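I have placed the structure first, in the form of structure tokens, so that the comments after it can refer back to it.
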Amino acid sequence: MAERRLSELCRVLADHGFAAQLDGEDRAVRAVNTLEDAAEGEITFLSNPKYAAAVAQTRASAILVKPGVDVPSRLSALRCADPYAAVAVAIVSIHGYRRHPQWGRSPGAGIHPSARIGARPNIAPGVTIAAEVVIGDNCTLYPGCYVADGAHLGHDCTLYPNVVVYDHCVLGNRVTIHAGSVVGEDGLGYAPLDGKWVKIPQVGRAVLGDDVEIGANCTIDRATLGRTEVGTGTKFGNVVVIGHGTKVGADCMFVGLVGVAGSVTVGRHVTLAGQVGVAGHLAIGDEVSVGAQSGISGDVPDHAKMFGSPAIDAGDAKRALLAMQRLPEWVRRVRELERQVEELREKLGVASG
Amino acid sequence: MAERRLSELCRVLADHGFAAQLDGEDRAVRAVNTLEDAAEGEITFLSNPKYAAAVAQTRASAILVKPGVDVPSRLSALRCADPYAAVAVAIVSIHGYRRHPQWGRSPGAGIHPSARIGARPNIAPGVTIAAEVVIGDNCTLYPGCYVADGAHLGHDCTLYPNVVVYDHCVLGNRVTIHAGSVVGEDGLGYAPLDGKWVKIPQVGRAVLGDDVEIGANCTIDRATLGRTEVGTGTKFGNVVVIGHGTKVGADCMFVGLVGVAGSVTVGRHVTLAGQVGVAGHLAIGDEVSVGAQSGISGDVPDHAKMFGSPAIDAGDAKRALLAMQRLPEWVRRVRELERQVEELREKLGVASG
Amino acid sequence: MAERRLSELCRVLADHGFAAQLDGEDRAVRAVNTLEDAAEGEITFLSNPKYAAAVAQTRASAILVKPGVDVPSRLSALRCADPYAAVAVAIVSIHGYRRHPQWGRSPGAGIHPSARIGARPNIAPGVTIAAEVVIGDNCTLYPGCYVADGAHLGHDCTLYPNVVVYDHCVLGNRVTIHAGSVVGEDGLGYAPLDGKWVKIPQVGRAVLGDDVEIGANCTIDRATLGRTEVGTGTKFGNVVVIGHGTKVGADCMFVGLVGVAGSVTVGRHVTLAGQVGVAGHLAIGDEVSVGAQSGISGDVPDHAKMFGSPAIDAGDAKRALLAMQRLPEWVRRVRELERQVEELREKLGVASG
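Quick mapping for you: the protein sequence lines, in order, are chains C, H and A.
Position in the first sequence (from 1) plus 15 gives the number in the working numbering.
Position in the second sequence (from 1) plus 15 gives the number in the working numbering.
Position in the third sequence (from 1) plus 15 gives the number in the working numbering.
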């Protein structure tokens with residue numbers, strides 16, 4: 016954490032393309048915080064007008080806010096057009112990214128003699144690194160991580176506690192994996208034989224591109240043969256489950272509890288919202304977005320917005336769901352029509368049925 | 016485990032407000048068990064009449080049962096109005112709660128010199144406690160737990176194996192977290208920039224109130240700024256996923272595989288059944304209950320019962336779902352109406368369309 | 016990995032009941048791989064005709080393929096009727112199953128003196144085995160595993176890193192559990208008391224049969240009383256969540272993110288696809304299959320195929336879903352009928368309503 020004067024913060028924002036104006040005293044701030052939680056000496060922000068009432072109560076000393084919005088005079092205001100985007104810049108400037116404990120190459124880590132470890136290692140006690148592993152420079156491995164034989168990690172990777180990387184899996188550079196996630200476990204690869212399941216050795220691997228970040232307690236199957244892939248720059252929330260042989264493109268975002276079955280191809284910059292499921296062997300195009308709890312059961316073209324289980328075009332799905340919620344009313348109206356038509360038939364002497 | 020005579024158990028039940036009558040020999044029992052699994056010297060129970068037939072086969076020596084229900088004469092019966100509630104009292108009395116292995120302050124734990132550990136610690140080998148951590152009295156930490164720098168645990172907490180608490184997170188008193196759960200990992204906090212995701216440092220924390228119990232392999236994001244909260248007395252099942260900045264009230268119960276997105280406010284005594292999802296930035300009132308697999312996509316008032324994806328009033332949802340399952344029939348009836356109306360139009364010489 | 020000549024592989028396939036013919040040079044192959052990833056000296060396969068175009072590009076030296084399918088002359092072909100099934104045999108023959116690091120009985124493992132460990136143990140540093148545990152012969156426990164007091168493991172079990180087995184749980188022979196899974200944690204067992212949740216000690220256990228394989232980050236609750244069971248030969252994908260007291264039969268397959276609530280009985284050879292949920296206290300018959308994201312809310316007879324949330328007969332569900340997606344059209348048609356009937360009523364002088 017670094018204290019910043021508001022005038023300094025103005026310059027940092029300008030460097031990032033956010034024109035900002037200081038309105039009030041040029042104070043030093045030592046943290047960014049919410050309206051509710053900020054203390055004296057901290058800077059807060061107002062983006063969503065629904066929280067405007069909380070500005071009067073905040074104990075913050077400064078606020079990022081749009082031009083023209085009223086602010087109590089005891090607060091210094093940094094005014095800019097998009098306070099929500101600017102707050103990210105302020106957080107990086109004041110707080111920076113997490114600093115890890117420094118273990119060097121801990122003698123309490125179990126590192127196989129055949130493993131090759133890059134420069135400036137930060138490997139905690141209780142880490143196990145198996146035979147023939149290659150680890151790049153500047154990697155941090157927290158306690159309880161296990162990197163199995165033949166796995167490769169690039170430079171600047173961070174594995175939080177209890178991450179497991181199975182044998183021969185590959186992580187690119189700047190990959191971050193949160194606690195408890197597993198990369199490269201065997202998928203559900205069994206051949207049926209007389210009502211039993213015979214295990215097929217899973218001899219492929221899982222490969223994660225550069226700048227991938229994986230949430231906590233995710234699981235990414237290795238491929239039966241070849242590779243399961245997570246593309247460069249893709250981010251997963253928590254408990255995302257990826258099946259064997261699935262290839263996820265670059266710059267995707269998968270939210271919590273998403274499950275993608277095996278042998279799926281996902282394009283680039285695809286968003287899957289919470290609890291979405293994707294059936295096996297499908298192809299999903301680029302720039303697709305899928306609403307929460309949807310179930311993808313067929314191929315999806317580029318740029319599609321999907322919703323529902325099974326998912327269809329999101330606009331159609333919302334119309335169908337609205338109609339469904341009004342179904343009991345429509346059922347009554349159909350019954351009434353049947354009554355009236357019967358009445359008309361009688362009147363006209365038309366025989367029923 | 017403590018052996019209890021049935022007459023003693025009667026008194027214990029009475030102390031808890033359950034009037035019970037001993038019908039048969041005053042035997043000692045050493046365990047509570049199911050009808051199917053009980054052995055001689057154990058006490059079983061019958062609550063659901065659908066299991067009545069199993070009473071004849073049980074090997075138990077005693078049974079908790081309603082007055083008036085027939086029981087083989089070889090069984091002593093403890094008769095009370097609510098055997099299902101009474102069995103909980105019997106379990107506590109005879110079995111008590113889990114007794115943990117006793118490690119004291121294990122020399123095999125990695126405890127940073129700046130950490131402050133309370134009285135009577137029970138910290139296993141293979142635990143890591145980082146800098147500036149504060150841990151209250153009587154805390155049990157199983158092997159593989161990691162408590163990151165600046166985290167605070169209250170008194171009488173239990174962390175089962177491989178629980179991870181990220182930096183600066185806070186646990187109240189008597190918090191129990193089952194194996195593999197993670198508290199305070201980074202949420203999906205990224206700013207979009209030219210089709211890439213730029214990470215925003217997540218500088219808030221996660222705060223769990225007193226008497227919270229968290230199941231296995233759950234994940235509770237830290238807030239981007241401020242606090243993610245889990246209220247006093249709230250209980251989570253397994254693999255519950257809570258997004259950044261979400262505030263869950265007191266005495267809630269969330270069942271397995273529930274996912275709540277970020278910035279949600281949940282009231283007190285809310286029940287979310289299995290696989291429920293809640294979209295971001297919503298407000299859910301007090302005493303709400305939501306049926307399994309439902310998806311909450313809008314604010315929910317106090318006392319609402321919700322169901323469906325997207326969730327609506329549970330009664331309406333059930334009617335709509337029933338109607339939906341009969342849709343193919345309604346489609347046939349509409350087609351038949353169209354045919355009949357066309358027939359009538361022709362009869363009357365009305366032009367079509 | 017063992018290199019195999021194609022003529023040898025022919026014989027191995029024949030031994031498994033797959034008649035195969037060598038068409039081309041009798042080369043040695045050292046690995047099985049996908050069309051896309053195979054290198055020289057490797058054998059690939061073509062089963063799904065949609066990948067036929069990739070055969071021209073593969074760098075493999077041999078291919079498993081149906082009789083009559085065209086293949087470039089540089090590739091040796093092993094022709095057989097079912098290349099997809101045959102490839103499993105080829106993988107076992109050439110690659111075999113995963114070979115684990117060999118730790119023996121590591122002095123870095125924490126093994127309680129009262130534990131009984133079978134012959135040829137392979138117990139890594141960082142494993143904890145508590146009091147009165149019994150472990151069979153030939154068991155492999157990776158680092159970070161915790162086996163609590165009184166648990167029993169059969170022969171030939173494999174626990175990948177960070178698996179936790181709670182006290183008194185039982186694993187059969189040849190049980191494999193992937194990284195981060197938890198067996199026997201407490202379920203959601205609470206009694207309501209004045210708006211609070213009072214914990215009921217969970218004194219039952221979880222029992223896994225022979226040849227069970229559990230994916231990564233699964234959770235299997237112990238029973239409140241008696242046993243939670245997973246039947247012989249049953250396989251779970253990743254993040255499968257099983258509630259307390261549930262009994263799953265033999266040879267089932269549960270795919271990723273499946274959740275089964277407590278006190279459910281599941282028959283044998285039941286398939287639950289991804290993200291399926293099952294409500295508590297239900298009985299599911301034998302040979303049942305349930306489609307992805309379905310929610311089982313009632314008992315299910317043998318051999319049923321179910322789909323939807325709540326799930327109904329899969330055929331009916333698909334018809335209902337199709338009808339639902341066309342609902343907006345049906346709504347328009349009902350409105351049109353109402354208009355026409357009103358017109359007819361006017362024509363006939365019938366009073367409205």
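Every residue, glycine too, gets a C-beta built ideally from N, C-alpha and C.
None of the values given here were measured: they were computed from a predicted structure.
Whole alpha helix (DSSP H) elements within the region 60–139 of chain H, 4-residue minimum: For the region 60–139 of chain H, whole alpha helix (DSSP H) runs of length 4 or above, ordered along the chain, are 98–109.
Starting from the C-beta of Ala308 (chain H), find all residues in its chain whose C-beta is less than 6 Å away, skip the five residues before and the five after it, and write them out in chain order. At residue 308 (chain H) the sequence reads Gln, which differs from the Ala that was named. Closer than 6 Å at the Cβ level, and outside the excluded window around Gln308 (chain H), lie Gln290.
Limits of the beta strand (DSSP E) - the one that Leu208 (chain H) falls within: Per DSSP, Leu208 (chain H) belongs to the beta strand (DSSP E) from 205–208.
9 Å is my cut-off, CB to CB: does Pro325 (chain H) come that close to chain C? Closer than 9 Å: yes.
Ala335 (chain C) versus Gln340 (chain A) - alpha carbon distance: Spanning the alpha carbons of Ala335 (chain C) and Gln340 (chain A) requires a straight line of approximately 6 Å.
I'd like to know whether the C-beta of Leu363 (chain H) is nearer than 9 Å to at least one C-beta of chain A. Taking Cβ atoms only, chain A reaches closer than 9 Å to Leu363 (chain H), which makes this a yes.
So within the region 233–260 of chain C, which uninterrupted beta strand (DSSP E) runs reach at least 3 residues, ignoring any that extend past its ends? As far as the region 233–260 of chain C is concerned, its whole beta strand (DSSP E) runs of at least 3 residues are 242–245.
Neighbour-count burial assignment, Ser108 (chain A), 16 or more Cβ in a 10 Å radius: Buried, by the Cβ-count rule.
With a threshold of 9 Å between beta-carbons, can Ile215 (chain C) be considered close to chain A, or not? Judged by the 9 Å Cβ criterion, Ile215 (chain C) is in contact with chain A.
Can you list, in chain order, the residues of its chain whose CB lies under 7 Å from that of Val4 (chain H), leaving out five sequence neighbours each side? The structure shown does not extend to residue 4 (chain H), since chain H is modelled only from 16 to 368, so the question has no answer here.
Within this structure, are the beta carbons of Gly300 (chain C) and Gly282 (chain C) separated by less than 9 Å? Yes, these two residues count as a Cβ contact at 9 Å.
In the DSSP assignment, the alpha helix (DSSP H) including Val27 (chain C) goes from what residue to what residue? Annotation for Val27 (chain C): the continuous alpha helix (DSSP H) segment containing it runs 21–30.
Does the region 214–228 of chain A come into contact with the region 186–206 of chain A, if we say contact requires no fewer than three beta-carbon pairs (one atom in each stretch) closer than 8 Å? Yes, the region 214–228 of chain A touches the region 186–206 of chain A.
Does the separation of the CB atoms of Leu99 (chain H) and Ser62 (chain H) fall below 9 Å? Contrary to the premise, residue 99 (chain H) reads as Tyr rather than Leu in this sequence. Between Tyr99 (chain H) and Ser62 (chain H), the gap from beta carbon to beta carbon is short of 9 Å.
Sequence-distant residues of its chain with Cβ nearer than 8 Å to Ala34 (chain A) (five each side left out): Residues Leu28, Cys95, Ala96 of the same chain have their beta carbon placed closer than 8 Å to that of Ala34 (chain A), with the five preceding and five following residues left out of the count.
Neighbouring residues, chain H, relative to Arg334 (chain A) (Cβ below 7 Å): Within chain H, the residues Pro343 have their CB atoms less than 7 Å from the CB of Arg334 (chain A), given in chain order.
Cβ-Cβ distance between Thr243 (chain H) and Gly260 (chain H) below 9 Å: In this structure, Thr243 (chain H) lies near Gly260 (chain H), with their beta-carbon atoms less than 9 Å apart.
Relative to the alpha-carbon of Gly123 (chain H), which residue among H:Ala329, H:Met321, H:Gly141 has its alpha-carbon at the smallest distance? Answer by Cα proximity: H:Gly141.
Assign Val315 (chain H) to one of three DSSP states: helix, strand, or coil. The answer is strand: DSSP assigns Val315 (chain H) an E or B state.
Name the one or two DSSP bridge partners that Gln36 (chain C) has. By DSSP's assignment, Gln36 (chain C) forms a beta bridge with C:Arg94.
Please classify Arg114 (chain A) as buried or exposed, where buried requires at least 16 neighbouring CB atoms within 10 angstroms. Arg114 (chain A) sits exposed, since fewer than 16 C-beta atoms from the chains shown fall within 10 Å of its C-beta.
Less than 9 Å between CB atoms is the rule here; does Asp266 (chain A) satisfy it with respect to chain C? Residue-level contact by beta carbon holds for Asp266 (chain A) and chain C, with a gap shorter than 9 Å.
Out of C:Glu40, C:Gly169, C:Ala338, C:Val349, state which residue places its alpha-carbon closest to the alpha-carbon of Arg20 (chain C). Looking at the Cα atoms, C:Glu40 is the closest of the given residues.
Chain H beta carbons: is any one of them nearer than 9 Å to that of Leu90 (chain A)? Output row for Leu90 (chain A): interface = no.
Using a Cβ-Cβ cut-off of less than 7 Å, list which residues of the region 291–322 of chain H approach chain C; keep chain order. Answer set for the region 291–322 of chain H: Gly292, Ala294, Gly310.
Counting Cβ pairs, one atom from each stretch, are 3 or more of them under 8 Å apart for the region 245–262 of chain C and the region 218–235 of chain C? As far as the Cβ criterion goes, the region 245–262 of chain C touches the region 218–235 of chain C, which means the pair count is three or higher.
For His318 (chain A), count neighbouring C-beta atoms within 10 Å of its own C-beta (all shown protein chains included) and say buried if the count is 16 or more, exposed if not. Label assigned to His318 (chain A): exposed.
Quick one: is Ala139 (chain H) near chain A, going by C-beta distance under 9 Å? Contact with chain A is found for Ala139 (chain H), since one of that chain's Cβ atoms lies less than 9 Å from the residue's Cβ.
For Gly241 (chain A), count the other beta carbons within 10 Å of its own beta carbon; 16 or more makes it buried, fewer makes it exposed. Which is it? Buried: at least 16 other Cβ atoms inside 10 Å.
Buried or exposed: which applies to Asp236 (chain H), given that a residue is buried once 16 or more other Cβ atoms fall within 10 Å of its Cβ? Burial call: buried.
Cβ separation of Val279 (chain C) and Gly246 (chain C), assumed to be a contact under 8 Å, to the nearest whole Å: Cβ-Cβ separation between Val279 (chain C) and Gly246 (chain C): approximately 13 Å, too far for a contact (criterion under 8 Å).
Can you give me, in chain order, the residues of the region 29–58 of chain H that have a beta carbon less than 8 Å from any beta carbon in chain A? For the region 29–58 of chain H, the residues whose beta carbon sits under 8 Å from a beta carbon of chain A are, in order, Ala46, Val47, Asn48, Thr49, Glu51, Asp52.
At a Cβ threshold of 9 Å, is Val102 (chain H) touching chain A? With its beta carbon less than 9 Å from one in chain A, Val102 (chain H) belongs to the interface.
Under three-state DSSP, which class holds Gly330 (chain A)? In this structure, DSSP gives Gly330 (chain A) a helical state, which the three-state scheme calls helix.
Buried/exposed call for Ser88 (chain C), threshold 16 Cβ in 10 Å: By the beta-carbon neighbour count (other beta carbons within 10 angstroms, threshold 16), Ser88 (chain C) is exposed.
When the cut-off is 9 Å and only beta carbons count, does Ile126 (chain C) lie next to chain H? Ile126 (chain C) does not count as touching chain H.
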